[in-house]
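Colleague:
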Amino acid sequence: MYRWLYLKNFFICKCSRETRRKLAFPKELLLIDSTTVTVGKTRLPWAPYHGERAAVKLHVALRAENGKPLKVTETVGSKHDGPVCESLENTSFIMVMDRAYGKLERLDRYQIEGQSFVIRLRDNVHLEKPRALRRQVVTDSSIIRDITCQLGTPQCRSEKRHRVIIFRDFDGREIRVVTDLMQVTAEQIALMYKARWAIGVSS
700 MYRWLYLKNF
710 FICKCSRETR
720 RKLAFPKELL
730 LIDSTTVTVG
740 KTRLPWAPYH
750 GERAAVKLHV
760 ALRAENGKPL
770 KVTETVGSKH
780 DGPVCESLEN
790 TSFIMVMDRA
800 YGKLERLDRY
810 QIEGQSFVIR
820 LRDNVHLEKP
830 RALRRQVVTD
840 SSIIRDITCQ
850 LGTPQCRSEK
860 RHRVIIFRDF
870 DGREIRVVTD
880 LMQVTAEQIA
890 LMYKARWAIG
900 VSS
């Protein structure tokens with residue numbers, strides 16, 4: 700687990716300097732991720748995982764500015780990421796997270812509490828009543844759509860409208876992220892999320 704943190708810190712320091720030169724983010728990025736460490740079940744009998752394995756999971760909030768963990772929470776390996784991220788929240792940062800953290804109620808709460816975020820949406824999340832935002836045409840931009848909308852179906856829908864950016868990744872696949880940031884360009888928001896890839900964080 701210490702090797703994992705070392706590698707994260709090495710790559711994030713390398714990429715954050717380049718990112719800072721290109722962009723002026725309103726707040727520092729806080730990259731949220733988890734990693735699971737598995738061992739034989741006899742070594743951790745209190746943390747059963749799959750079959751003959753046991754596991755613990757480290758939920759980490761990494762500062763993009765200096766590559767240091769701001770906070771680390773340890774759980775058993777079977778613990779879902781979503782609820783644990785609430786212990787990593789910090790309104791001084793823009794939290795950048797993957798699909799496991801995109802609960803609709805949480806997004807509404809973040810907007811109310813002033814917690815800035817860029818979170819990837821699951822592919823099956825419905826975009827209700829989309830409205831296109833005005834944006835300048837940027838040459839060779841990866842942006843496909845820049846909209847505000849409600850998220851979800853009538854059975855489970857966000858109360859608030861959220862900004863959604865749809866862009867293509869390096870392999871041409873469509874990526875959808877949701878954010879509360881309204882005063883930065885869609886290209887900047889896409890780059891905030893791409894910072895996860897630069898340090899080897901899962902998408």
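Count the sequence shown with the working numbering and you get residues 700 to 902, in order. Every residue gets a Cβ at the ideal spot worked out from N, C-alpha and C, and that includes glycine.
Using only alpha-carbon positions, find the residue among 728, 756 and 835 that is nearest to residue 738.
Modeller: 756
Colleague: Report the three-state DSSP secondary structure of residue 754 (helix, strand or coil).
Modeller: strand
Colleague: State whether the stretch 783-799 contacts the stretch 724-734, with contact taken as three or more CB pairs (one from each stretch) at a distance under 8 Å.
Modeller: yes
Colleague: Under the rule that 16 or more other beta-carbon atoms within 10 Å means buried, what is residue 869, buried or exposed?
Modeller: exposed
Colleague: Which residues share a DSSP beta bridge with residue 846?
Modeller: 831 and 863
Colleague: Between residue 831 and the rest of its own chain, which residues show a CB-CB distance below 6 Å, the 5 nearest in sequence each way excluded?
Modeller: 846
Colleague: Would you please state the rounded distance, in angstroms, between the beta carbons of residue 775 and residue 818? I believe it to be under 8 Å.
Modeller: At roughly 24 Å, the Cβ-Cβ gap does not stay under 8 Å, so residue 775 and residue 818 are not in contact.
Colleague: Within a Cβ cutoff of 7 Å, which residues of the same chain sit near residue 828, ignoring the five residues on either side of it in sequence?
Modeller: Only residues of its own chain outside the window of five on either side were considered, and among them 848 and 849 have a CB closer than 7 Å to the CB of residue 828, listed in chain order.
Colleague: Would you mind stating whether residue 801 and residue 826 have Cβ atoms separated by less than 7 Å?
Modeller: no
Colleague: Fully enclosed by the stretch 755-843, which alpha helix (DSSP H) runs are 4 residues long or longer?
Modeller: Listed in chain order, the complete alpha helix (DSSP H) runs (minimum 4 residues) inside the stretch 755-843 are 780-783 and 803-812.
Colleague: Using beta-carbon positions only, say whether residue 834 and residue 865 come within less than 7 Å of one another.
Modeller: no
Colleague: What does the Cβ neighbour count give for residue 759, buried or exposed, with the cut at 16 atoms within 10 Å?
Modeller: buried
Colleague: Between the Cα of residue 809 and those of 824, 823 and 788, spot the shortest distance and give me the residue it belongs to.
Modeller: 788
Colleague: DSSP three-state label for residue 727, please.
Modeller: strand
Colleague: Assign residue 875 to one of three DSSP states: helix, strand, or coil.
Modeller: strand
Colleague: Name the residue from 745, 726 and 890 whose alpha carbon lies nearest to the alpha carbon of residue 777.
Modeller: 745
Colleague: By Cβ distance below 6 Å, which residues in the same chain neighbour residue 874 in space, the five residues on each side in sequence not counted?
Modeller: Here the set comprises 866 and 868.
Colleague: Hey, how far is the Cα of residue 838 from the Cα of residue 890?
Modeller: 16 Å
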